[in-house]
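Trainee:
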Amino acid sequence: MTGRRATTILFLPAALALAGCTNASEDREAQDHIPGSDPDAIERHIYVCSDRRSYLVDVFRDGLTIDLTPPDGKPLRLSAFSQDPTYVGNGITARISGPVLHIERANRPVLTCRQKLGGRG
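In UniProt numbering, the protein residues as written are 1 to 121.
1. Is the CB-CB distance between Ala94 and Leu78 below 8 Å?
2. So, with DSSP's three-state summary, where would you put Lys74?
3. Beta strand (DSSP E) containing Val110: first to last residue?
4. DSSP on Phe60, reduced to helix/strand/coil?
5. Would you check if there are 3 or more beta carbon pairs closer than 8 Å linking the region 85-92 to the region 37-55?
6. Tell me His97's beta-bridge partners as DSSP assigns them.
7. The beta strand (DSSP E) that contains Arg44, what's its start and end?
8. For Asp67, report the span of its beta strand (DSSP E) as first-last.
9. Between Ser50 and Leu68, what straight-line distance do the alpha-carbon atoms span, to the nearest angstrom?
10. When the Cα atoms are used, what is the spatial distance from Tyr55 to His45?
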């Protein structure tokens, strides 16, 4: 058996074994990107924005965290620094005031959204 063939034979089983491994944090991250999949989310609100598209907001128990889900997109985790209704993250600032949500994104117009009546998911 040549040295090259022996190396290939030894390397192949190790590569196959590693290919089957998954990282638990990757599984958790994938779950977090399914709207409403997090058990700590206590409320869901639907907002219809000035671009006529609907955005979902999942509110978490701590009151300092939301998931903002754009249409056809993955949830974006945003956080507040206090009980202030301004949430930031992922280049987005979201402000909630009663039934109105303002979404500010870099280099894009501000979206003004209104909570859909009966719009709890």
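Built from N, CA and C at the ideal position, the CB exists for glycine as well. None of the values given here were measured: they were computed from a predicted structure.
Mentor: Result, derived from the coordinates:
1. yes
2. coil
3. Segment: none, Val110 is in no beta strand (DSSP E) and carries neither H nor E.
4. strand
5. no
6. Here the sequence assigns Ser to residue 97, which means His is not the residue at that position. Per DSSP, Val100.
7. Ala41 to Cys49
8. Thr65 to Thr69
9. 16 Å
10. 8 Å
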